[in-house]
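Below is one structure, written out as structure tokens, with a few remarks after it.
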Amino acid sequence: MAKLIHADFYKTFHRAYFYILAAGLAALCFLINSAMRGGMYGNMSSSVQFAVMLMEYPVVILPLVTQIVFSEEFQFHTLKNTASYGTNRTLLFTAKLIASILLCMILAAVVLAAYFGSMFIFLKHDAEFTSGLLNNFFMRLGVSCAIYAACITMSAFFTVLFRRNGLAIFFYYGVFYLMQYFLVLLHLEKFEPYLLEAQFAVIRKPSVTSFQKPLMVSAVTALVFFIAGAAAFRKKDLC
Amino acid sequence: MAEIGETVIQMKNVSKYYGKSAAVAEMSMRVNKGDIYALVGKNGAGKTTLLKLISGLTPATEGTIEIFGQGSEQHLGLARRHMGTMIETPGFFPYLTARENLEYYRIQRGNKDKGCVERALQFVGLEGTGRKKFRGFSLGMKQRLGLALAIMDNPEILILDEPINGLDPMGIKDFRNIILKMSREKKTTVLISSHILGELSQIATTYSFINRGRLVQHISAKDLKEKCRSFLCIVSDSADRTSEILKNNFQFKNIEVADEHTVHVNEKVDDPASAVKALVENGIMVSQVYQSGINLEQYFVNLVEGKENG
Chain A
1 MAKLIHADFY
11 KTFHRAYFYI
21 LAAGLAALCF
31 LINSAMRGGM
41 YGNMSSSVQF
51 AVMLMEYPVV
61 ILPLVTQIVF
71 SEEFQFHTLK
81 NTASYGTNRT
91 LLFTAKLIAS
101 ILLCMILAAV
111 VLAAYFGSMF
121 IFLKHDAEFT
131 SGLLNNFFMR
141 LGVSCAIYAA
151 CITMSAFFTV
161 LFRRNGLAIF
171 FYYGVFYLMQ
181 YFLVLLHLEK
191 FEPYLLEAQF
201 AVIRKPSVTS
211 FQKPLMVSAV
221 TALVFFIAGA
231 AAFRKKDLC
Chain B
1 MAEIGETVIQ
11 MKNVSKYYGK
21 SAAVAEMSMR
31 VNKGDIYALV
41 GKNGAGKTTL
51 LKLISGLTPA
61 TEGTIEIFGQ
71 GSEQHLGLAR
81 RHMGTMIETP
91 GFFPYLTARE
101 NLEYYRIQRG
111 NKDKGCVERA
121 LQFVGLEGTG
131 RKKFRGFSLG
141 MKQRLGLALA
151 IMDNPEILIL
161 DEPINGLDPM
171 GIKDFRNIIL
181 KMSREKKTTV
191 LISSHILGEL
201 SQIATTYSFI
211 NRGRLVQHIS
221 AKDLKEKCRS
231 FLCIVSDSAD
241 RTSEILKNNF
251 QFKNIEVADE
261 HTVHVNEKVD
271 DPASAVKALV
281 ENGIMVSQVY
291 QSGINLEQYF
301 VNLVEGKENG
């Protein structure tokens, strides 16, 4: 498992795309805090609170990482080199999933560093910027990371299912953003609170006592898509 | 792992269906250690599917596959670590160099010998590609890199699917020499499919002819050579007398009477003119003398069309 993840890291760190993605996200962080400067919200506590509102948006970027680790292997027909060496396919799927999650964590660290760095550069320190505020922020970020992991698993499943990156991303966005409307159409509104997107609403709420539900929903979603993805990958023809 | 002559790959009644159509149907075959085993068949005959089944790239619908005597999924996985494969077009990351691509697989396979990458590149003549990315490689260079990956871990079995497609004559010669070198020096078993039958005939020790997903014939190179031999055909008014005169005057031992007028001399005839002269002097009316025989390509066509010669 470690060898497979190591190889994916080797490949990804030799790719300009990953650095461009990280640089782009970091630049976006600078842009946000730079734009907040001078206004009525031009202080650190407002920036942290704004960051909580933005926690849903990385979901859009996650398939790009899955694409680097997973779908380009279908595109370039490289999985056959790994599978024909006798590598267990479930192990391979799991390793690629973990590699994707770890690479997203690296990107998250870059984004956080850029966001807090630019915050310290551009914004004023205010009285509400306390350790309590930061604790609350990182707790919400931690829960968001669980949702991101579930999203990566879902993205990996669609990549294995369709092979074509475009179709996989279309279904990923469709399931994430449009599922609530399908549930309404099917008169299954009662399941809406268990969708991944709905969990970000919980994270955004100013006063939340427990994040148990988002964590549970993320875990169950990740498990379902992991099992389905691994099963689909085992039966896939690789060429 | 295996001794010369031992079975290294065995398939029993293996079928692969895509929907209702069988890409491979009830295929049974055995490859022995040290063989250079050629798979011959038309496009769509099932050669690539067969190699994919052995390599674990596609699961069989029915039947069993054993590699080094191991048939369970877990053990097959371990056995496949002693195989090097090159199926269809070589697949590599276009934004990596040849060295980086091999390094990726070295890390992935947990091969601690860092020198294996350089040795594999040298073996196929790609050591000088430097910082050139895979996307800029010619088809021949891509094929060479595919072979470099296949041989990087010193496999006991090499599985090569149409490996000389896109290679220039020098590349084909190099490729042949590499395969022969591995076979002779490392006793590597080679399972190879190719459309270029003339090329196969220079290296193969065993042939399997495949048509419509089925094994049509399995034959050793020696037996095939015998079947594809060339012979002198003499048509006269009496085949028996012609045979007798040739045996007496020229000491030919391998003469076959094909029918009442036709004789086949199945050995080298240095001077056909003197043979004809001797026959005429003995009162034989010779109507035709010609060299006949079939090559591997004709043999394959005849076999597939159900008109096997001999």
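Heads up: the protein sequence lines correspond to chains A and B, in order.
In case it helps, our numbering puts the first sequence at residues 1 to 239.
In case it helps, our numbering puts the second sequence at residues 1 to 310.
Glycine is no exception: its CB is placed at the ideal position from the N, C-alpha and C atoms.
Fair warning: this is a prediction, and the values are worked out from it, not measured in the lab.
Exercise. Flag this pair as touching only if the segment 165 to 181 of chain A and the segment 120 to 136 of chain A have three or more C-beta atom pairs under 8 angstroms; answer yes or no.
Key: no
| message | Against chain B, with Cβ distances strictly below 9 angstroms, would residue 189 of chain A count as a contact? | response | Here residue 189 of chain A refers to the residue found at position 189 when the first sequence is read from its first residue. So no, residue 189 of chain A is outside the interface.
Would residue 104 of chain B pass as an interface residue toward chain A - the criterion being a Cβ-Cβ separation below 9 angstroms? Reading the second sequence from its first residue, position 104 is the one you call residue 104 of chain B. Yes, residue 104 of chain B counts as interfacial toward chain A.
If contact means a Cβ-Cβ distance below 9 angstroms, which residues of the segment 209 to 230 of chain B contact chain A?
none
**Prompt:** So residue 317 of chain B is in the alpha helix (DSSP H); what residue range does that whole segment cover?
**Reply:** This structure gives no information on residue 317 of chain B, because the portion of chain B shown stretches from 1 to 310.
Any heavy atom of the ligand SAM closer than 8 angstroms to the beta-carbon of residue 82 of chain A?
With respect to the ligand SAM, the structure offers nothing, as it holds no ligand at all.
Beta-carbon neighbours of residue 92 of chain B, restricted to chain A and to distances below 9 angstroms
Locating residue 92 of chain B in the second sequence gives position 92, where the first residue counts as 1. Going along chain A in sequence order, the residues near residue 92 of chain B (Cβ under 9 angstroms) are 76, 77, 78, 81.
At least three beta-carbon pairs within less than 8 angstroms, the segment 70 to 81 of chain A to the segment 81 to 96 of chain B: yes
- Name the chain B residues that come within less than 8 angstroms of residue 7 of chain A, Cβ to Cβ? For this step, residue 7 of chain A is matched to residue 7 along the first sequence. 104, 105, 107, 108, listed in chain order.
Please identify the residue among B:113, B:23, B:85, B:121 whose C-alpha is closest to the C-alpha of residue 101 of chain B.
Walking along the second sequence from the start, residue 101 of chain B turns up at place 101. Taking each of B:113, B:23, B:85, B:121 in turn and checking the Cα distance to residue 101 of chain B, the smallest one comes out for B:121.
Worksheet item: If residue 16 of chain B sits next to residue 60 of chain B, beta carbons under 8 angstroms apart, how far is it from one beta carbon to the other, in whole angstroms?
Response: As a working note, residue 16 of chain B is residue 16 in the second sequence. As a working note, residue 60 of chain B is residue 60 in the second sequence. About 6 angstroms separates the beta carbon of residue 16 of chain B from that of residue 60 of chain B, a gap short enough to meet the 8 angstroms contact definition.
Practice item. Go through its chain and collect everything with a Cβ distance to residue 188 of chain B's Cβ below 6 angstroms, but skip five positions before and after it. Key: Sequence index remark: in the second sequence, residue 188 of chain B carries index 188 (1-based). So the list reads 158, 182, once near-sequence residues are dropped.
Under 7 angstroms from the C-beta of residue 55 of chain B: neighbouring residues of chain A
Position 55 of the second sequence, counted from the first residue, corresponds to residue 55 of chain B. Ordered by position in chain A, the residues that pass the 7 angstroms Cβ test against residue 55 of chain B are 84.
Using 9 angstroms as the threshold, is the C-beta distance between residue 293 of chain B and residue 231 of chain B below it?
The count along the second sequence starts at 1 and reaches residue 293 of chain B at position 293. The count along the second sequence starts at 1 and reaches residue 231 of chain B at position 231. The beta carbons of residue 293 of chain B and residue 231 of chain B sit closer together than 9 angstroms.
- Message: Counting only beta-carbon separations shorter than 9 angstroms, does residue 17 of chain B have a partner in chain A?
- Response: Mapped onto the second sequence, residue 17 of chain B falls at position 17. For residue 17 of chain B, the answer is no, since every Cβ of chain A falls outside 9 angstroms of its Cβ.
Exercise for review: Within the same chain, show all residues whose beta-carbon is closer than 8 angstroms to that of residue 160 of chain A, passing over the 5 residues directly before and after it, in chain order.
Suggested key: In the first sequence, residue 160 of chain A corresponds to position 160, counting from 1. Within the same chain, residue 160 of chain A has close Cβ partners 70, 93, 229, 232, 233, 236.
Within 8 angstroms, do at least three Cβ pairs link the segment 17 to 28 of chain A to the segment 112 to 129 of chain B? Segment contact: the segment 112 to 129 of chain B against the segment 17 to 28 of chain A, fewer than three CB-CB distances shorter than 8 angstroms; contact not assigned.
If residue 144 of chain A sits next to residue 55 of chain A, beta carbons under 8 angstroms apart, how far is it from one beta carbon to the other, in whole angstroms? Locating residue 144 of chain A in the first sequence gives position 144, counting from the first residue. Locating residue 55 of chain A in the first sequence gives position 55, counting from the first residue. So it is a contact: roughly 5 angstroms between Cβ atoms.
Margin query: When you compare the CB of residue 96 of chain A with every CB in chain B, is at least one pair closer than 9 angstroms?
Written below: What you label residue 96 of chain A is simply residue 96 of the first sequence in a count that begins at 1. Closer than 9 angstroms: no.
Worksheet item: Which whole runs of the beta strand (DSSP E) in the segment 66 to 109 of chain B are 3 residues long or more, in chain order?
Response: 83 to 86
DSSP bridge partner residues for residue 120 of chain A (one or two, in chain order):
By one-based count along the first sequence, residue 120 of chain A stands at place 120. Answer is none; residue 120 of chain A lacks a bridge partner.
(Q) Please confirm whether residue 149 of chain B has its beta-carbon closer than 9 angstroms to some beta-carbon of chain A. (A) Your numbering for residue 149 of chain B matches position 149 in the second sequence. Residue 149 of chain B counts as touching chain A.
So the candidates are B:255, B:163, B:45, B:247; which of them puts its Cα closest to the Cα of residue 21 of chain B? Position 21 of the second sequence holds residue 21 of chain B. With distances taken between Cα atoms, residue 21 of chain B lies closest to B:45.
- Query: Hey, is residue 10 of chain A's beta-carbon within less than 9 angstroms of any beta-carbon in chain B?
  - Reply: Translated into the one-based positions of the first sequence, residue 10 of chain A becomes position 10. Judged by the 9 angstroms Cβ criterion, residue 10 of chain A is in contact with chain B.
For this session: Give the residues from the segment 145 to 156 of chain A that approach chain B closer than 7 angstroms (Cβ to any Cβ), ordered along the chain.
Result: none
| field | Spatial neighbours of residue 211 of chain A in its chain, beta-carbon cut-off 6 angstroms, leaving aside the 5 residues before and after | value | Here residue 211 of chain A refers to the residue found at position 211 of the first sequence. For residue 211 of chain A, where only same-chain residues beyond five positions count, the Cβ hits under 6 angstroms are 143.
For residue 5 of chain A and residue 99 of chain A, which I take to be in contact (beta-carbon distance under 8 angstroms), what is that distance rounded to the nearest angstrom?
Your numbering for residue 5 of chain A matches position 5 in the first sequence. Your numbering for residue 99 of chain A matches position 99 in the first sequence. Right, the Cβ-Cβ distance comes to about 5 angstroms (below 8 angstroms), so this counts as a contact.
Looking at the structure shown, is residue 233 of chain B part of a helix, part of a strand, or coil, going by DSSP? As a working note, residue 233 of chain B is residue 233 in the second sequence. In the displayed model, residue 233 of chain B falls within a strand according to three-state DSSP.
Is any beta-carbon of chain A found at less than 9 angstroms from that of residue 100 of chain B? In the second sequence, residue 100 of chain B corresponds to position 100, counting from 1. For residue 100 of chain B, the answer is yes, since a Cβ of chain A falls inside 9 angstroms of its Cβ.
For residue 125 of chain A, return the contacting residues in chain B, with the cut-off set at a CB-CB distance below 9 angstroms.
The residue given as residue 125 of chain A occupies position 125 in the first sequence. Identification of chain B residues near residue 125 of chain A by a Cβ-Cβ cut-off of 9 angstroms yields none; the smallest Cβ-Cβ distance measures about 43 angstroms.
query = Where does the unbroken beta strand (DSSP E) through residue 215 of chain B begin, and where does it stop?
reply = Residue numbering aside, residue 215 of chain B sits at position 215 when the second sequence is read from its first letter. 214 to 220 is the span of the beta strand (DSSP E), which, as asked, contains residue 215 of chain B.
Note to self: Going by the DSSP bridge assignment, what does residue 37 of chain B pair with across the sheet?
What the structure shows: The residue given as residue 37 of chain B occupies position 37 in the second sequence. Bridge partners of residue 37 of chain B: B:191, B:206.
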